[in-house]
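7 is the number of the first residue of the sequence shown in our numbering; add one for each residue after it.
Beta carbons are placed, not taken as given, at the ideal position from N, Cα and C, and that holds for glycine.
Since the model is a prediction, treat every value here as computed from it, not as a measurement.
To start, the structure itself, in structure tokens.
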Amino acid sequence: VALVVAMDTRGAVAQQHRVIFDTDFAVPPQDDGMALILALHSKEIEILGITTVAGNFSMERATSDVLRVLEIAQRTDIPVYRGANMPLVHEKSEYATLVWGEWWSDELPPPPPGGFATKQAEVIGAAEFIVQTVKAHPGEITIVAIGPLTNVAMAIRQAPDIAPNVKQIVIMGGAISRLPDGYGNVTPNAEFNFWVDPEAARAVLRSGIPIVLSPLNVSRKTGLTKEWYERMVATDTPITRLIRATMGPRFESRPDASEFMYDQVAVASLIDPSLVTTRELYVDVDDTPGLNYGVSVGGDQIWPGAEGARRMSVQYDLDWERFIT
């Protein structure tokens, strides 16, 4: 399911899931890029638009990179909308010195492979697009959110009445210590996407929208090796050439490397929910500055201080052999 990237991306698209794809994108092998390629190849997913957000890199880099990948994939029919270039609360200066999570929002993004795309982003912003799309298709829209949740939180803040009309949100984010492998990747306990904008994560998790959470717990059940990489790029297409150019050197220098697959799991689980094992938990995010800032917490019942937490489906295991083949 997850690695069928050699298929023709111009085939007919089924309309089982009408999706807004919200991402802090970068070209493959970054996981957002690989997840988008998976979604583009799925007949179960119709992408109505892609919204970009600051996270791993700047919002402008996410935008230029995703426009280029759509051009390579011959899917320039999909519109792209610029989103938040900063978290809800913090200033750039509070993050700009960090090695992982810089935004460089005052600088032009570097050219993606092959140069900048001819296609341009749309005029309206990400939050406005989310609001308009949900209102136009009440009860039909799935938001796949694989970066910080700033855009989604801004849309809910702008139009709270959309919350009951979103079908579901599939989120790659969080690390649930209650479940196996629930430690963080940017602090000992916090996962990167939630840590970048804890206020946004908390607002979205408490919104009442049905949520499927794909945390680090399930990501750590994966391991992309050179063997699977070579299967991925065995067929020559524009997309596999891009993957070969960007991912190949990594496996050439480190043949025994194994890469976690984060955002790909979230997308694959939307295509085929039977790939993952889930548990219903109340989940909340600590947005109080301190050692636990950005930490996600899950429990079977509401606990003191988390009275607004909502119950959601939390992934913690997957069928790796089916996922990878």
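A distance below 8 Å between beta-carbons, with the five flanking residues on each side excluded, links Gly-214 to the following residues of its chain, in chain order: Ala-169, Pro-170, Arg-316. Pairing Asp-262 with Ala-161, the inter-Cα distance amounts to about 43 Å.
As far as DSSP is concerned, Ser-259 takes part in no beta bridge. Each residue's CA atom was taken as its position, placing Asn-62 and Ala-240 some 29 Å apart.
Taking each of Pro-119, Tyr-87, Asp-278, Gln-174 in turn and checking the Cα distance to Glu-128, the smallest one comes out for Tyr-87. According to the DSSP assignment, Met-267 belongs to no alpha helix (DSSP H), since it is labelled neither H nor E. In the structure shown, Ile-147 falls within a strand segment according to DSSP collapsed to helix, strand and coil. Counted as a single uninterrupted DSSP element, the alpha helix (DSSP H) harbouring Ile-43 occupies residues 37 to 46. For Phe-200, the uninterrupted alpha helix (DSSP H) segment begins and ends at 198 to 202.
Sequence-distant Cβ neighbours of Asp-293 in its own chain, meaning closer than 6 Å and more than five residues away, are Pro-204, Glu-205, Arg-208.
The Cβ atoms of Ala-68 and Thr-29 sit closer than 8 Å to each other. The residues Pro-34, Pro-35, Tyr-235, in chain order, have a CB closer than 7 Å to that of Met-253 in the same chain once the five nearest residues on each side in sequence are set aside.
Residue burial annotation: Glu-286 is exposed, with fewer than 16 other C-beta atoms found within 10 angstroms of its C-beta. Under the three-state reduction of DSSP output, Ser-280 falls in the helix class. The beta carbons of Tyr-288 and Leu-185 sit no closer together than 8 Å.
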